[in-house]
Amino acid sequence: MSVVYCHIFRRLISYNPYRKKSTTMPLKRVFFWQPNAGSTVNSQILNEVSQCVESINGVKEGRWKATLTFYKPMLRDQALSAEFPREFIGISLPEQPNKYYFVLRFNKIVLESDSSIQLIMEKLQSYKSRVALNFEGFQYQLGDFQLRVGKVVPSHSENLRGIVMEVEYLPISSLEKSKQIMEEFFDIWQDAISKRSLPGRFIHIEPDFSDYGLADHYTSQHTAVQYTHVTSQLIASVQAVQTGRN
Amino acid sequence: MCCSRNYRDTDLQYVEALEILLQGLCGVNKERLRVHEICLKSGPNLGFVVSEVRLLCDLEQSEPTWTVKHVGGAMRGAGAEQISVLVRSMVESKASKNVLRLFYALGYKLDHELLRVGITFHFQRGAPITVTVSSVNKMLKLHATDEAVPVTPGIQLVEVTAPATSENYNEVVAAVSSFCEYLAPLLHLSKPGVSTGVVPTAAAAAASLMSDGGGTTL
Numbered sequence: 001m002s003v004v005y006c007h008i009f010r011r012l013i014s015y016n017p018y019r020k021k022s023t024t025m026p027l028k029r030v031f032f033w034q035p036n037a038g039s040t041v042n043s044q045i046l047n048e049v050s051q052c053v054e055s056i057n058g059v060k061e062g063r064w065k066a067t068l069t070f071y072k073p074m075l076r077d078q079a080l081s082a083e084f085p086r087e088f089i090g091i092s093l094p095e096q097p098n099k100y101y102f103v104l105r106f107n108k109i110v111l112e113s114d115s116s117i118q119l120i121m122e123k124l125q126s127y128k129s130r131v132a133l134n135f136e137g138f139q140y141q142l143g144d145f146q147l148r149v150g151k152v153v154p155s156h157s158e159n160l161r162g163i164v165m166e167v168e169y170l171p172i173s174s175l176e177k178s179k180q181i182m183e184e185f186f187d188i189w190q191d192a193i194s195k196r197s198l199p200g201r202f203i204h205i206e207p208d209f210s211d212y213g214l215a216d217h218y219t220s221q222h223t224a225v226q227y228t229h230v231t232s233q234l235i236a237s238v239q240a241v242q243t244g245r246n
Numbered sequence: 247m248c249c250s251r252n253y254r255d256t257d258l259q260y261v262e263a264l265e266i267l268l269q270g271l272c273g274v275n276k277e278r279l280r281v282h283e284i285c286l287k288s289g290p291n292l293g294f295v296v297s298e299v300r301l302l303c304d305l306e307q308s309e310p311t312w313t314v315k316h317v318g319g320a321m322r323g324a325g326a327e328q329i330s331v332l333v334r335s336m337v338e339s340k341a342s343k344n345v346l347r348l349f350y351a352l353g354y355k356l357d358h359e360l361l362r363v364g365i366t367f368h369f370q371r372g373a374p375i376t377v378t379v380s381s382v383n384k385m386l387k388l389h390a391t392d393e394a395v396p397v398t399p400g401i402q403l404v405e406v407t408a409p410a411t412s413e414n415y416n417e418v419v420a421a422v423s424s425f426c427e428y429l430a431p432l433l434h435l436s437k438p439g440v441s442t443g444v445v446p447t448a449a450a451a452a453a454s455l456m457s458d459g460g461g462t463t464l
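If you're matching them up, the sequences are chains A and B in order.
Under this note's numbering, the residue at position 83 of the first sequence is numbered 83, and the numbers go up by one with no gaps.
Under this note's numbering, the residue at position 96 of the second sequence is numbered 342, and the numbers go up by one with no gaps.
Here it is, written out as structure tokens:
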């Protein structure tokens, strides 16, 4: 096991700054922090996670921020709300500053558009922004991987609602071809973070991208779908904690 | 916002002459136009006012591309009546191919659909101007663009549009009006919704253009 660990770690730290990033979209997995039963997420956990990244030679590069917005329909008769999508989500991603993404999770629809689509939605007045969440923090370079660790906070509040982590593998765009190395990386990560005895763990539940008509070749639409699913899982997790308290 | 004028031509030979004239005036090659325009309206319960949105599918590309377009109300008031072009807000956004499914899922319904077929010129003359000469066709079956027929056979729509901001729309209005003057021997463009007749010089101008391919100065 330790031989495998050293081999993979050598691959990770043998970063060649002249190696070209994939000319197509590198793939990523988005994880969310699942607190243990009876515990909650807090900023101390976020600090520990960030320190853990740095302890495995992650080089801090800068800040990142994504925003997820819940839209609600403007209805003349609220009794007919069941006729309209339960979750209509808009997402802006830092790697695509001129784009905006819509996801209808229950309809399995994802749309990529120019960011001017937000102005069109405002003019249509049929759907309005209900609540927005910011995912923000620092990003780190770790060999051929790029990590982003971030807090989840409502846009007009500093209440920490969750912690997310993005693991991006730069050389490959194929979901299938990257499975093994992503799992190997996560095993190393788990080994490192477990030493800190934190009350929880990072979880990744991969959405079925084919349900959304998305192929094996990774795109920002895949990222938008991941953030939608992570958010619903975070909300379920928070609600479970609140139910437990009650 | 955008500024526009249009014209309905009743004779196809004028279209060929117009094409020659435009080729000379614009200084750019024409581009073929084949756009499926899907006009959606919000369903009865959605929104406190009815909203409309247009989805444009460019069928001339090897892989069809989609644009979402919202056209707002026209500028109104005494000032607007003084202006010789129509000024109204317009917002466009490129979108991926799921856009029609998305709007249907959001509660929008198909109001009507059209297929515009023709030519277009994009050039700079005081403003980035687009001239489109197209036939407007309707589909006999839902989304059947291969079976479209003209809404008004023999009639083409000529549109001259240019984008503008609230700060520069007067300059853009002047640029569009000035360009339209060059087309006067052949056709008279007016604000959308205002009908015009055939220009008296149209036949002679068209004949002249057709006889020497546009070498004659009008």
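Glycine included, every Cβ here is placed at the ideal spot set by N, Cα and C.
Shortest Cα-Cα distance from T407 (chain B) to any of B:P310, B:G372, B:L360 involves B:G372.
In the three-state DSSP reduction, R322 (chain B) falls in the coil class, being neither helix nor strand. For M121 (chain A), the three-state secondary structure derived from DSSP is helix. Taking a beta-carbon distance threshold of 8 Å, R76 (chain A) counts as an interface residue toward chain B. The C-alpha of H204 (chain A) lies about 13 Å from the C-alpha of K179 (chain A). Closest option to P35 (chain A), judged by alpha-carbon separation, among A:L27, A:K28, A:Q44, A:R29: A:Q44.
At least 8 Å separates the CB of D216 (chain A) from every CB of chain B. The DSSP-derived three-state label of F425 (chain B) is helix. Fully contained in the segment 266-354 of chain B are the following alpha helix (DSSP H) runs of length 4 or more, in chain order: 324-328, 345-352.
Nearest to E413 (chain B) by alpha-carbon distance, out of B:L361, B:N275, B:V333, is B:V333.
Under the Cβ distance rule, H316 (chain B) counts among the residues neighbouring chain A, one pair being separated by less than 8 Å. For T398 (chain B), the number of other beta carbons within 10 angstroms of its own is below 16, and it is reported as exposed. In this chain, the alpha helix (DSSP H) harbouring E54 (chain A) covers 43-55. Around the beta-carbon of D211 (chain A), fewer than 16 other beta-carbon atoms lie within 10 Å, marking it exposed.
Residue burial annotation: F294 (chain B) is exposed, with fewer than 16 other C-beta atoms found within 10 angstroms of its C-beta. For P94 (chain A), same chain residues with a beta-carbon under 7 Å away, outside a window of 5 residues either side, are W64, K65, A66 in chain order.
In the three-state reduction of the DSSP assignment, T231 (chain A) falls in the helix class, which pools H, G and I.
Chain-ordered listing is empty here: chain A has no CB closer than 8 Å to the CB of K287 (chain B), the nearest sitting near 10 Å. Runs of the alpha helix (DSSP H) spanning 4 or more residues and lying entirely within the segment 65-148 of chain A occur at 117-124, in chain order. In the three-state reduction of the DSSP assignment, K179 (chain A) falls in the helix class, which pools H, G and I. Residues of chain B whose Cβ lies closer than 8 Å to the Cβ of I91 (chain A) do not exist; the shortest such Cβ separation is about 14 Å. In this structure, the alpha-carbon of L160 (chain A) lies about 6 Å from that of V152 (chain A). The beta carbon of S297 (chain B) is closer than 6 Å to those of S288 in its chain, skipping five residues each way along the sequence. One alpha carbon belongs to Y101 (chain A), the other to V110 (chain A), and they sit about 7 Å apart. L142 (chain A) is positioned such that its CB atom lies no closer than 8 Å to that of G62 (chain A). The C-beta of T231 (chain A) has 16 or more other C-beta atoms within 10 Å across all chains shown, which makes the residue buried. L386 (chain B) is classed as exposed because its beta carbon has fewer than 16 other beta carbons within 10 Å across all chains shown. The continuous stretches of beta strand (DSSP E) do not include E158 (chain A), and DSSP gives it neither H nor E.
Beta-bridge pairing by DSSP links I375 (chain B) to B:F369.
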